[in-house]
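Engineer: Structure provided below as structure tokens; questions to follow.
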Ligand SMILES: [Zn+2]
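In this note's numbering, the protein residues as written are 236 to 1238.
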């Protein structure tokens, strides 16, 4: 630090020469000697606020409330963006000059030589659409505030940003605008980077990555090869969801509940194609079980993942089909106890048994299959209307010899789900019941349960467990649970069934027949089959010269020079795989690459990934609760299991690694949507454009055409609803600092944020108040550099300020470390600011001897010691800075330096509030004073009780109860409030006044 002084401009004052300044750190008071230098030119701590290059137009006298000029937020932001950039450049050149940093110690690679504890804060990286929306601003504001605070708290923070840059929109834009997807993407990235700077987000741009650059996707391909090597990437023919608009295959997860494409909205068709899959099902058990390790994930996200993985334990039964010449149809059921209620079998339209369908049923079957290509089907949650056709086939019921069961081909059984066949039990399964009704099958009931007694005649499906009816052979009258086991045992013994666990989750279909993605690094040879591209030949570079039409399958197929290659195995003629990878592959490992973004020989070094993982806090939209998070967990676990990073389960368990087992994200914060104020015509329901609404009185909007109030709501921002808000407009109008505070203040991160521009004013008023107390503090710098809190000598106001300051520190620390309750944090900062606004730092004691506070507390005094005032304002500014960084810096500078150094003077870095330590609270300060409460009976003071303010409940009824208990316990209560027998006298009224300082009983 001392090196900064030699460059300081003449006359500049960094602190009082020779004096010690104190700061609290980890609960202890530290003193730092400030070296004296060239102090002769100016009076120590002469307050010359905001002069020279300062962005504020105000001078000290302007800071009086009446004459305060508006704060020029834009100028402050510009100034600090410039300073921060200078500081970073200086820091960067300092590190690159430092050649002493060893890469290895004792032959072992070293991840980092920082002795600080690492903290990895990550916000989900955006797709470079070209425009930040308010949702982005929200998530980056949250992560930036956390990152800045953690750095002040002394952590070695990783806070990277990058671009999820492959994907369809770039390709579609290319088709529409005749611009190469890469050009479009790069342009958008530049725009969005500028926007991120405008919201003052401080990302580690040195770690920036773009998934569309060969330096990145080389390693996506490398991981594909590793998965292939492990048998976890494979190709199979599959009935797939085909998006007829985007001309590509979609994963089940990308088809919504109405059977439409998540992106194009087209009704998805079924096609049979050869596709690449990742075998995520291999990890199903791990992915399920380890959810329990994720203590800091929202429960609903974990539940969504549990449901998606969908583990169910049950049985598999074989139903022999007569005369089919085929093996039996195998069905999985989670309810073997209902097997006596089986009335039909339902198979998918792709089931191999359908080859045996008798001629007279074939046409009907083909027509049915054809109809499924166009109707919405394959909803991701199975919420589709069950339909099907009789195949003319019959199966034998394994438990009821001689009973023939009809076989139906249906739309609600998916071919790649388990066995592609289920047993139909209309009596005890909702969907089977609904289907049975379409076929006129009357439900048979074999389980007796509570539902049956109350449901009456038309019972529907009785899904609860119960007792088996008398129609269930040797299992009759057993409980469902007993029968479950007994039935499986018997089937097992007789060889037509077995215990089975089934998962709902399917393997991850990652082939895409589009251009703008990472090419799948495989080569197809006539002789050798699919052959992996050798690692040394990576990356398989996406050819630049391509014609994009948006139709007719993969554009890569058209580029012969690229497709034709030689087989790495036999050297013969071969062809490249022309599919590209789903962009979810790119984003399922980017958090690992951030830790080692420039590695040229590996996706990431073992040491750096081991040191940096897991991500300590991951922030993003809840819409990624399933796919992205599940895929990321899969890839991270794969990398961890195969030793690409981590110390192995044994060592990590011993070290108590949280969460461990290759789980990538320790804390997950899912932020809610930002909703816009939306106006509708109350009669027609049409959305109203802002120009159609008179907002002169924001609280009472008027629909101009009718002169009446429009219907009003908060809804997801969209162009069609005219309720969108452009972050750039907000920042231009109100400043980034106020916009950030507003976002953080309006709602807790996980809740929906109703964007109301009108109330940003509240945040600006708050900032102006802060600015005033900063001015007051700077103008009344304490004569002593040392602040020693001595509660005994403090007057009432000082004690309250000291308590509130410490309380606020405690709250903000908890909030920024654990609870992320930014809204209450800001409320605390406002409260502290209001408190400071009501106080005046006492005139400076010129004797210069006073190192403690004024000895004689005066009643009702609003003056407090300048040292305490300054201490509180400094804490306030420090805590505000992560939330409103440019404003925080300006305040800090105003309090500590009045000079205007040249912009080249990069040593200014050292005066940044962000290099200050985070304030630490003092537990002893939190206790409030004892209250002496006078007890009156019929208006006459009789005795007093004492209690601690902090013990007094906030709630009025509880407060009365608390005081009553205290009072009746008092020895003098016997005389005044009880009769001779010691029984409490009837009280007509109990009046609590002065917030518990007086109680009057009327008896
Ligand atoms: Zn070959």
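From the three backbone atoms N, C-alpha and C, an ideal C-beta is built for every residue, glycine too.
Taking residue 1185 as the reference, give the member of 1175, 1197, 1068 and 946 with the closest Cα.
Structural biologist: 1197
Engineer: Residues in the same chain with beta-carbon distance under 7 angstroms from residue 517, minus the five sequence neighbours each way, listed in chain order, please.
Structural biologist: 467
Engineer: DSSP three-state call for residue 373: helix, strand or coil?
Structural biologist: helix
Engineer: At which residues does the alpha helix (DSSP H) containing residue 441 begin and terminate?
Structural biologist: Note, residue 441: premise wrong, no alpha helix (DSSP H); not H, not E.
Engineer: Would residue 550 and residue 723 qualify as a contact pair, given that the criterion is a beta-carbon distance under 8 angstroms?
Structural biologist: Taking C-beta atoms as the reference points, residue 550 and residue 723 count as a pair closer than 8 angstroms.
Engineer: Could you tell me whether any non-hydrogen atom of ligand 1 is closer than 7 angstroms to the CB of residue 763?
Structural biologist: yes
Engineer: Flag this pair as touching only if the region 906 to 918 and the region 986 to 998 have three or more C-beta atom pairs under 8 angstroms; answer yes or no.
Structural biologist: yes
Engineer: Comparing the CB of residue 760 with every heavy atom of ligand 1, is any distance shorter than 7 angstroms?
Structural biologist: yes
Engineer: Taking only heavy atoms of ligand 1 into account, decide whether any of them is closer than 7 angstroms to the Cβ of residue 800.
Structural biologist: no
Engineer: Can you tell me the Cα-Cα spacing of residue 903 and residue 621, whole angstroms?
Structural biologist: 38 angstroms
Engineer: With H, G and I counted as helix, E and B as strand and the rest as coil, what does DSSP make of residue 319?
Structural biologist: The answer is helix: DSSP assigns residue 319 an H, G or I state.
Engineer: Quick one: what's got a C-beta closer than 6 angstroms to residue 973's C-beta in the same chain, skipping five residues either side?
Structural biologist: 995, 998 and 999
Engineer: Does the beta-carbon distance from residue 905 to residue 533 come in below 8 angstroms?
Structural biologist: In this structure, residue 905 lies near residue 533, with their beta-carbon atoms less than 8 angstroms apart.
Engineer: Is it the case that the CB of residue 810 approaches a heavy atom of ligand 1 more closely than 7 angstroms?
Structural biologist: Answer for residue 810: no, Cβ out of range of ligand 1.
Engineer: Does DSSP put residue 238 in a helix, a strand or coil?
Structural biologist: Low local confidence applies: a pLDDT of 32 at residue 238 is under 50, so the model's placement there is unreliable, and no value is given.
Engineer: Enumerated in chain order, which unbroken segments of the beta strand (DSSP E) with a length of 3 residues or greater are wholly contained in the region 451 to 501?
Structural biologist: 468 to 478 and 483 to 485
Engineer: Classify residue 1236 as helix, strand or coil using the three-state DSSP reduction.
Structural biologist: strand
Engineer: Is residue 859 helix, strand or coil when you go by DSSP?
Structural biologist: helix
Engineer: Just list the residues that DSSP pairs residue 990 with in beta bridges.
Structural biologist: 911
Engineer: What does the alpha-carbon distance come out to for the pair residue 380 and residue 1117?
Structural biologist: 5 angstroms
Engineer: Buried or exposed: where does residue 434 fall if 16 or more other Cβ atoms within 10 Å of its Cβ makes it buried?
Structural biologist: Classification for residue 434: buried.
Engineer: Taking 7 angstroms as the cut-off, is the beta-carbon of residue 766 closer than that to any non-hydrogen atom of ligand 1?
Structural biologist: yes
Engineer: Run through the region 358 to 409 for me and flag every whole beta strand (DSSP E) of 3 or more residues, listed as ranges in chain order.
Structural biologist: 391 to 393
Engineer: Of all the alpha helix (DSSP H) runs that stay within the bounds of the region 900 to 974, which reach a length of 4 or more residues?
Structural biologist: 962 to 969
Engineer: Would residue 214 pass as a contact of residue 778 if the rule is Cβ separation under 8 angstroms?
Structural biologist: Summary: the structure shown does not reach residue 214, with the chain confined to residues 236 through 1238, and so no result is reported for it.
Engineer: What number of angstroms, rounded off, separates the C-alpha of residue 1225 from the C-alpha of residue 1201?
Structural biologist: 14 angstroms
Engineer: Which residues in the same chain as residue 282 place their Cβ atom closer than 6 angstroms to its Cβ, once the five residues preceding and following it in sequence are excluded?
Structural biologist: Confidence at residue 282 is low in this model, with a pLDDT of 27, below 50, so its placement is unreliable and no value can be given for it.
Engineer: For residue 804, is the beta carbon positioned less than 7 angstroms from some heavy atom of ligand 1?
Structural biologist: At a cut-off of 7 angstroms, the beta-carbon of residue 804 counts as near ligand 1: some heavy atom of the ligand is closer than that.
Engineer: Give the DSSP bridge partners of residue 801, in chain order.
Structural biologist: 808
Engineer: Please name the residue, chosen from 731, 874 and 770, that lies closest to residue 841 on a Cα-to-Cα basis.
Structural biologist: 874
Engineer: Near residue 711, which residues of its chain fall below 7 angstroms by C-beta distance, leaving aside the five closest residues on each side in sequence?
Structural biologist: Counting only Cβ-Cβ distances below 7 angstroms, and skipping sequence neighbours, we find 703, 704 and 705.
Engineer: Just the Cα atoms here: how many angstroms apart are residue 1294 and residue 739?
Structural biologist: A question about residue 1294 goes unanswered here, because the residues of the chain that appear run from 236 up to 1238.
Engineer: Does residue 334 come out as helix, strand or coil in the three-state DSSP assignment?
Structural biologist: In this predicted model, residue 334 has a pLDDT of only 46, less than 50, meaning its place in the structure is not dependable enough to derive any value.
Engineer: Just mark residue 733 as buried or exposed, buried being the case when its beta carbon has 16 or more other beta carbons within 10 Å.
Structural biologist: exposed
Engineer: Which residues share a DSSP beta bridge with residue 631?
Structural biologist: 639
Engineer: Within 7 angstroms: the Cβ of residue 732 and any heavy atom of ligand 1?
Structural biologist: Result no, Cβ not under 7 angstroms from ligand 1.
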